[in-house]
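Undergrad: If you scroll down you'll find the structure; I have some questions about it.
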Amino acid sequence: MKKKNERGEGVESDFKSPLKYARFLKPFVYSKMLLIILLLLAQFAIYLTLVLRFERFIPYLGWTNLALSILFLSYLANKQGKNEFKLAWLFPILIFPFFGIVLYFMCKVNFGGRRLKKSLRLIKKESEPVMITGTEDSSAVFEEYPKVRDIAEYLRRTSSYPSYTGTKETYFPSGEEAFADIKERLKAAEHFIFIEYFIIEPSRIWHEILDILREKALQGVDVRILYDSLGSGAYSTRRYERYLERSGIKAKIFMPFVPVFDTGLNNRDHRKILDIDGKTVYTGGINISDEYANYEHPRFGYWKDTAIRLDGPAVRTFTIMFLQLWNVANKTMEEASGYRKFADVPCEKHSGQGVTIPYGDDAFNGEDVAENVYNYILAKAHDYVHIMTPYTILDNTMINALSFAAKRGVDVSVIVPKHYDHYITFCVGRTFIKTLIEKGIRVYEYNPGFIHAKSFVSDGNRATVGSINLDYRSLFHHFECGVFLYKSPEIGHIEEDFQNTLKDCRQITAESYKKIPLITRIVGWSFRIFSPLL
17 MKKKNERGEG VESDFKSPLK YARFLKPFVY SKMLLIILLL LAQFAIYLTL
67 VLRFERFIPY LGWTNLALSI LFLSYLANKQ GKNEFKLAWL FPILIFPFFG
117 IVLYFMCKVN FGGRRLKKSL RLIKKESEPV MITGTEDSSA VFEEYPKVRD
167 IAEYLRRTSS YPSYTGTKET YFPSGEEAFA DIKERLKAAE HFIFIEYFII
217 EPSRIWHEIL DILREKALQG VDVRILYDSL GSGAYSTRRY ERYLERSGIK
267 AKIFMPFVPV FDTGLNNRDH RKILDIDGKT VYTGGINISD EYANYEHPRF
317 GYWKDTAIRL DGPAVRTFTI MFLQLWNVAN KTMEEASGYR KFADVPCEKH
367 SGQGVTIPYG DDAFNGEDVA ENVYNYILAK AHDYVHIMTP YTILDNTMIN
417 ALSFAAKRGV DVSVIVPKHY DHYITFCVGR TFIKTLIEKG IRVYEYNPGF
467 IHAKSFVSDG NRATVGSINL DYRSLFHHFE CGVFLYKSPE IGHIEEDFQN
517 TLKDCRQITA ESYKKIPLIT RIVGWSFRIF SPLL
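For the sequence shown, my numbering assigns the number 17 to the initial residue and increments by one for each residue that follows.
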């Protein structure tokens, strides 16, 4: 049976049910992904074989081999960048000098990343002036809220992210509450719906949202979906793009996974944005899959996640951020008017809402924006900083910021998952927990299941919620987004959620850490040197 869309074209009913679609996909999409992975492994094996064949002759060269290693390690030591990344390269270079050096330059040349960087630079050149103009005078914001000037100026000068007053925030302490609100707001959309997620999977929640999107597309609403090819593997096919297009929905896959060895594939779109008419936007930790809505309870129990809704002028920044990556994926250069068409929409201003600063981060902007926002909150804290994060693979800058706050007498408390979604990542993260405990930071384990929330809240006046984890991938490789809040009434609800979540947690102390299974600690310490790659 086929439904008809507005152009009278058939829509395949096989895609109606996520379960049916998942079964339909297995022999096609999964086999395609498997083929791609096998081809990548084959290429890597060829490179490795060729290099190692040559490597056999290097010991006979004696001093040449030693000189090559010393010269390259000197180059690496003097190169600008984080020491953790340099340390991760020592192992392959010391064990296989020639192979390690070849692999290093293959990763650093990063042709895919260079193409992405060039495209993004040209698109930002056109769109960032739109981002910063047409907003309220920042001097008026700083006159009312002088203590936000420093972080606001940093985000404006480095990334063109403006500050807003008059935006109302609504915080959701669970995915199921967020999705219930999202579905109701989607039904009220009049002009456009922009959706950007790392993960969209065959699932009941996606089926419910997709039904609404189809209906809105038939009503003439401009519906666009951008999703990451690696995170949304089941839907990362041109076939599924065409299926959505037959329903009147525009869809693009970000950085399609292709069978070519290219480290540009490491730069994933991890953002979570759902923008309705440029007046309402959702962001946070949730992706679109059943575990985020707690429709199913996976092996790790209850999935604790959060989201936040913005209503008002600050939605404008998210609208432009979406269009930037949409144009990257669509390979189009849009003039400023194309951004203004969607960004310059009249929005109701709400009084007494504090300052709202949406922001994004990526691997190509020359700034560690997300980490700097987190560290700013830690540096400004007087009483407490309360954090929820799924991963604790931390760089030295973050460890020092957390430690410095704790040593100043600030209550720095972190809630982490008890269960894991990625075993090695979990084991390595456990080794960093030991480091945090030793530096006076309180770490709590969430007993009911998995924590996927990403939030900082401090002193009742500063907070940030978004898609940004505390690991290297989020902070230095991925496309990410978040929103910084100052003096927002909703900050109290974020802290309230932290305290409620804390009731279901157990503190990890130096003594209880010793009870962590030995195999977990061995795996963690063995792989810790590769933290920047996890």
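Glycine is no exception: its CB is placed at the ideal position from the N, C-alpha and C atoms.
Would you tell me roughly how many angstroms separate the C-alpha atoms of Ile453 and Leu394, rounded to the nearest one?
TA: Rounded to the nearest angstrom, the two C-alpha atoms are 17 Å apart.
Undergrad: Report yes if the C-beta distance between Leu171 and Tyr180 is below 9 Å; otherwise report no.
TA: No, the pair does not count as a contact, with Cβ atoms beyond the cut-off.
Undergrad: Is it right to say Met337 is buried, meaning 16 or more other beta carbons lie within 10 angstroms of its own, or is it exposed?
TA: It counts as buried.
Undergrad: By a C-beta neighbour count over all protein chains shown, 10 Å radius and 16 as the cutoff for buried, is His493 buried or exposed?
TA: Answer is buried; the Cβ neighbour count reaches 16.
Undergrad: Below 6 Å CB to CB, which residues in the same chain sit around Ile117 once its five sequence neighbours on both sides are set aside?
TA: Answer for Ile117: Phe88, listed in chain order.
Undergrad: Is there at least one Cβ from chain D nearer than 9 Å to Cys363's Cβ?
TA: The structure shown contains no chain D, having only a single protein chain.
Undergrad: Kindly indicate the opening and closing residues of the beta strand (DSSP E) around Gln515.
TA: Here Gln515 belongs to no beta strand (DSSP E); instead the alpha helix (DSSP H) covers Ile507 to Leu518.
Undergrad: Starting from the N-terminal side, write out each stretch of the beta strand (DSSP E) that is 3 residues or longer and does not extend beyond the region 187-238.
TA: The region 187-238 contains these whole beta strand (DSSP E) runs: 208-213.
Undergrad: What separation, rounded to the nearest whole angstrom, lies between the Cα atoms of Arg254 and Glu217?
TA: Their backbone Cα atoms lie some 15 Å apart in a straight line.
Undergrad: Taking all protein chains shown into account, do 16 or more other C-beta atoms lie within 10 angstroms of the C-beta of Ser245, making it buried, or fewer, making it exposed?
TA: That one is buried.
Undergrad: Say the cut is 8 Å; is the CB of Lys434 nearer than that to a heavy atom of the ligand PLP?
TA: The ligand PLP is absent from the structure shown, which contains no ligand whatsoever.
Undergrad: On a Cα-Cα basis, can you pick out the residue from Ala267, Ala323, Lys288 and Val331 that is closest to Val297?
TA: Among Ala267, Ala323, Lys288 and Val331, the Cα nearest to that of Val297 is on Val331.
Undergrad: Only counting runs of 4 or more residues, tell me where the alpha helix (DSSP H) segments fall wholly within the region 157-185, in order along the chain.
TA: List check, alpha helix (DSSP H) in window: 165-175.
Undergrad: Compare the Cα-Cα distances from Phe101 to each of Arg131, Gly540 and Arg489 and report the closest residue.
TA: If we check each option's Cα against that of Phe101, Arg489 comes out closest.
Undergrad: If you reduce the DSSP assignment to three classes, tell me which class Thr348 lands in.
TA: Residue state, collapsed to three classes: coil.
Undergrad: Extract the residue ranges of the beta strand (DSSP E) inside the region 281-323, only unbroken runs of 3 or more that lie entirely within it.
TA: Runs found: 289-292, 296-300 and 318-320.
Undergrad: Taking the alpha-carbon positions, what's the Thr186 to Tyr259 distance?
TA: So the two alpha carbons sit approximately 34 Å from each other.
Undergrad: Kindly indicate which three-state DSSP category Val539 falls into: helix, strand or coil?
TA: Note: Val539 maps to helix in three-state DSSP.
Undergrad: Taking Cβ to Cβ, would you say Ala421 is nearer than 9 Å to Val389?
TA: Contact flag unset, no.
Undergrad: Would you say Gly191 and Asp321 are within 9 Å of each other, going by their C-beta atoms?
TA: Result yes, Cβ atoms of Gly191 and Asp321 sit closer than 9 Å.
Undergrad: Out of Ser252, Arg201, Ser248 and Cys363, which has the shortest C-alpha to C-alpha gap to Lys232?
TA: The residue with the shortest Cα to Cα distance from Lys232 is Arg201.
Undergrad: Could you round the C-beta distance between Val426 and His398 to whole angstroms and report it? I think they count as a contact, below 8 Å.
TA: Confirmed, about 7 Å.
Undergrad: Start and end of the alpha helix (DSSP H) containing Tyr439?
TA: Where Tyr439 is concerned, the enclosing alpha helix (DSSP H) stretches over Tyr439 to Glu454.
Undergrad: Could you spell out the range, first to last residue, of the beta strand (DSSP E) harbouring Val499?
TA: Per DSSP, Val499 belongs to the beta strand (DSSP E) from Glu496 to Tyr502.
Undergrad: Just verifying my parser: in three-state terms, what is the DSSP assignment at Tyr462?
TA: The answer is strand: DSSP assigns Tyr462 an E or B state.
Undergrad: Mind checking whether Val481 and Ser474 have CB atoms under 9 Å apart?
TA: The answer is no: Cβ separation not under 9 Å.
Undergrad: Please state whether the Cβ-Cβ distance between Asn381 and Ser219 is less than 9 Å.
TA: Result no, Cβ atoms of Asn381 and Ser219 do not sit closer than 9 Å.
Undergrad: Could you have a look at Pro533 and say whether DSSP puts it in helix, strand or coil?
TA: Reduced to three states, the DSSP call for Pro533 is coil.
Undergrad: Report back the beta-carbon spacing between Asp551 and Asn463 to the nearest angstrom; my notes put them in contact at under 8 Å.
TA: Because residue 551 is not part of the residues shown, which for the chain are 17 to 550, the question remains open.
Undergrad: So Lys266 is in the beta strand (DSSP E); what residue range does that whole segment cover?
TA: Start and end: Lys266 to Phe270.
Undergrad: Alpha carbons only, please: which of Gly247, Phe273 and Leu242 is nearest the one belonging to Glu261?
TA: Closest option to Glu261, Cα to Cα, is Leu242.
Undergrad: Could you pull the start and end residues of the alpha helix (DSSP H) that Tyr400 belongs to?
TA: Counting along the chain, Tyr400 falls outside any alpha helix (DSSP H), though it belongs to the beta strand (DSSP E) covering Tyr400 to Met404.
Undergrad: Counting Cβ pairs closer than 8 Å, one from the region 438-458 and one from the region 520-534, do we hit at least three?
TA: With a cut-off of 8 Å, the region 520-534 and the region 438-458 count as touching, because enough Cβ pairs lie within range.
Undergrad: Give me the Cα-Cα distance between Thr149 and Ile304, rounded to the nearest whole angstrom.
TA: Their backbone Cα atoms lie some 33 Å apart in a straight line.
Undergrad: With DSSP run on the structure shown, which of helix, strand or coil describes Phe31?
TA: Because the pLDDT at Phe31 is just 47, under 50, the model does not fix this residue reliably, and the value given afterwards should be weighed accordingly. Phe31: helix per DSSP, three-state reduction.
Undergrad: Given Phe158, which residues of its chain have a CB within under 6 Å of its CB, disregarding the five upstream and five downstream residues?
TA: Answer for Phe158: Arg165, listed in chain order.
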